[in-house]
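From first to last, the protein sequence lines are chains A and B.
If you use our numbering, the first sequence closes out at 320, no skipped numbers anywhere.
If you use our numbering, the second sequence closes out at 635, no skipped numbers anywhere.
By construction, the Cβ of each residue, glycine as well, lies at the ideal position given by its N, Cα and C atoms.
Please read the structure below before turning to the comments.
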Amino acid sequence: MRHLMSPMDFTVEELDRLLDLANDIEANPAKYAHACEGKKLATLFYEPSTRTRLSFEAAMLNLGGSVLGFSSADSSSAAKGESVADTIRVISGYADIAAMRHPKEGAPRVASLHSGIPVINAGDGGHQHPTQTLTDLLTIRSLKGRLGNITIGLCGDLKFGRTVHSLIGALIRYPNVKFVLISPEELRIPDYVRDDVLIKNHQEFKEVIRLEDALPELDVLYMTRVQRERFFNEEDYVRMKDFYILDVPKMELAPKDMIVLHPLPRVNEISVEVDNDPRAAYFKQAQYGVYVRMALILTLLEVKVC
Amino acid sequence: MLNVGKLNEGVVLDHIAAGKSMDIYKYLKLDKMDCCVAIIKNARSSKMGRKDIIKVECPIEELNLDVLGFIDHTITVNIIKDGEIVEKKILTLPHRLVNIIHCKNPRCITSIEQGLDHVFFLADEEKEIYRCLYCEERYRANRKRK
């Protein structure tokens, strides 16, 4: 039995197969409409996350399965003091697979160690959010046709943004990926990512402050939100939150075939007028999130569809 | 020169970095063992200048060598039988530590679930980096080299 705790749990070959399956689901949804009939997904969400939870639920419903679960710790037995280990032992008798989001880092790992069913980490604090990374990889591969030989700009909060750290970790396994790290001085990539991931793997990267300087050379621009909850000081947050705003004039500096991604929700960092630009791929990216979760559920449940 | 009598049967932990013997005494829970223990601090050493030595009159099986490997895998472990050294154990960095060190990350699941074991795994042998099994928070052992 396999679980998904980190995007690195899959080898490059396994990832390729997963992304191939997701693309086949996109092309032939009817073929998979009954693949999980009679199977249940438990969504164990100890903190609210409408988008991720609905994406998981949509994925299971698209496969003909059903869903059960809770969407906050208050409405679960955690409020009565039940441990994660006990909860997953009980849920193992109710469902066939579980997706867990928890504010504490490592909670899904604890669940996986006591579970009788596959557990998917649907986000654990600032630690991992592997299905977002799978979504990002599927989007890039589907829209650019490749994961290697790209120049990707990562822009915004590179210090606290776990999606950025995970994406870098996943992309360095592909050849000739160049990273342009675009952030204010205060929100630069942490040392452990720069030293232990980028430098250690001899990865080509540069750090810049101005988005305008980076745009002309990018194949992919990955925007991120500056998150209020990461700051101890409201003043610092206010100063940082509008540091980057991608608007129509800036898009004119970008190549015609660049794509813009964002894990969503966005606040001010992408102007709404950019939504009409064919290079804006962030809503398509959310759709890919459903396909990749469908592929993941099939893979972990070892369901084969001919 | 201070003389401590020879062990007839037991374990001698030699080449401990000066000043570290009490840490080892604590980690090995020697205070809870019902046997004779001698601690020699700041002994003269041709290799190290000064060193600590611990002599414990107990079978080797009663000592947690994983803990010792974690604290300082360069310590020499001599096993004594009939007053003679019969074996020198080579310590290695343990791949897994259970309830020896605790995760300090306030965002880790271990911070709210008291019943969980604190488990660390050896993430980088070269740099001697341990990470929490759950949240992957880094713990770097503070060892002194010979």
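Asked, Found
"Could you please tell me which residues of the segment 118-147 of chain A, in chain order, have their CB closer than 7 Å to any CB of chain B?", "K118, E119, G120, A121, R123, V124, G139, G140, H141"
"What does V98/A reach in chain B if we use C-beta pairs closer than 8 Å?", "I598, E602"
"So for A121/A, helix, strand or coil by DSSP?", "helix"
"Name the two residues that bound the continuous beta strand (DSSP E) containing F193/A.", "191-196"
"Please check if any C-beta of chain A sits within less than 8 Å of the C-beta of L622/B.", "yes"
"Jot down the residue ranges of each uninterrupted beta strand (DSSP E) in the segment 177-237 of chain A, minimum 3 residues, whole runs only, in chain order.", "191-196, 219-222, 234-237"
"Mind pulling the chain A residues with CB within less than 9 Å of L554/B?", "Per Cβ cutoff of 9 Å: no residues; L554/B is ~26 Å from chain A at best."
"Could you check the C-alpha separation between E61/A and R115/A for me, to the nearest Å?", "7 Å"
"Going by other Cβ atoms of all chains shown within 10 Å of its Cβ, with 16 needed for buried, is V26/A buried or exposed?", "exposed"
"Which of helix, strand or coil does DSSP assign to L33/A?", "helix"
"For R16/A, name the three-state secondary structure that DSSP assigns.", "coil"
"So I154/A is in the alpha helix (DSSP H); what residue range does that whole segment cover?", "144-158"
"Buried or exposed: which applies to P279/A, given that a residue is buried once 16 or more other Cβ atoms fall within 10 Å of its Cβ?", "exposed"
"Under 8 Å Cβ to Cβ from H591/B, same chain only, skipping five residues before and after it: list those, please.", "T599, H607"
"Closest by CA to L605/B, which one among I618/B, C624/B, S534/B, K616/B?", "C624/B"
"In chain A, what lies closer than 7 Å to L611/B by C-beta?", "Going along chain A, no residue has its Cβ under 7 Å from L611/B, so there is no contact; the nearest lies around 15 Å."
"Quick check on the DSSP output: the beta strand (DSSP E) that includes Y619/B runs from which residue to which?", "618-621"
"Could you tell me which uninterrupted alpha helix (DSSP H) segments, each at least 4 residues in length, are contained entirely in the segment 230-318 of chain A, listed from first to last along the chain?", "248-255, 262-265, 296-314"
"Along the beta strand (DSSP E) that carries T114/A, what are the first and last residues, could you check?", "Going by the sequence as given, residue 114/A is Met instead of Thr. Unbroken beta strand (DSSP E) run through M114/A: 111-116."
"What separation, rounded to the nearest whole angstrom, lies between the Cα atoms of K635/B and M537/B?", "For K635/B, the predicted structure reports a pLDDT of 36, less than 50, and the residue's modelled location is therefore unreliable. A value from the coordinates is still provided. The alpha-carbon atoms of K635/B and M537/B are separated by roughly 6 Å."
"Answer with yes or no whether the minimum CB distance from N594/B to chain A is below 8 Å.", "yes"
"Roughly how many angstroms separate the alpha carbons of M265/A and N290/A, rounded to a whole number?", "11 Å"
"Label R8/A either buried or exposed according to how many other C-beta atoms from any shown protein chain fall within 10 Å of its C-beta, with 16 as the threshold for buried.", "Any property of residue 8/A remains undetermined from this structure, which presents chain A solely from 15 to 320."
"With DSSP as the reference, label N588/B as helix, strand or coil.", "coil"
"Give the interface partners of L605/B over in chain A, defined as CB-CB distance under 7 Å, in chain order.", "V124"
"Secondary structure at H607/B, three-state DSSP: helix, strand or coil?", "coil"
"Whose C-alpha, out of D271/A, V288/A, G52/A, is nearest the C-alpha of P263/A?", "V288/A"
"So, is the C-beta of E625/B closer than 8 Å to a C-beta in chain A?", "yes"
"State the Cα-Cα distance for the pair Q241/A and I601/B, rounded to the nearest angstrom.", "24 Å"
"Taking the CB atoms as reference points, tell me whether P122/A and M19/A lie closer together than 8 Å.", "yes"
"Where does K544/B land, buried or exposed, given buried means 16+ other C-beta within 10 angstroms?", "buried"
"Taking the alpha carbon of R160/A as the reference point, which residue from D233/A, Y108/A, A309/A has its own alpha carbon closest?", "D233/A"
"Excluding the 5 residues flanking S86/A on each side, which residues of the same chain have their C-beta closer than 6 Å to its C-beta?", "P62"
"In angstroms with no decimal places, state the Cα-to-Cα distance between R632/B and G508/B.", "Residue confidence is low: R632/B scores 48 on pLDDT, short of 50, so the model does not pin down where it sits. Its coordinate-derived value is still stated next. Each residue's Cα considered, the two are about 12 Å apart."
"Look at the Cβ atom of G79/A, then the Cβ atom of K53/A, and state whether they are nearer than 8 Å.", "yes"
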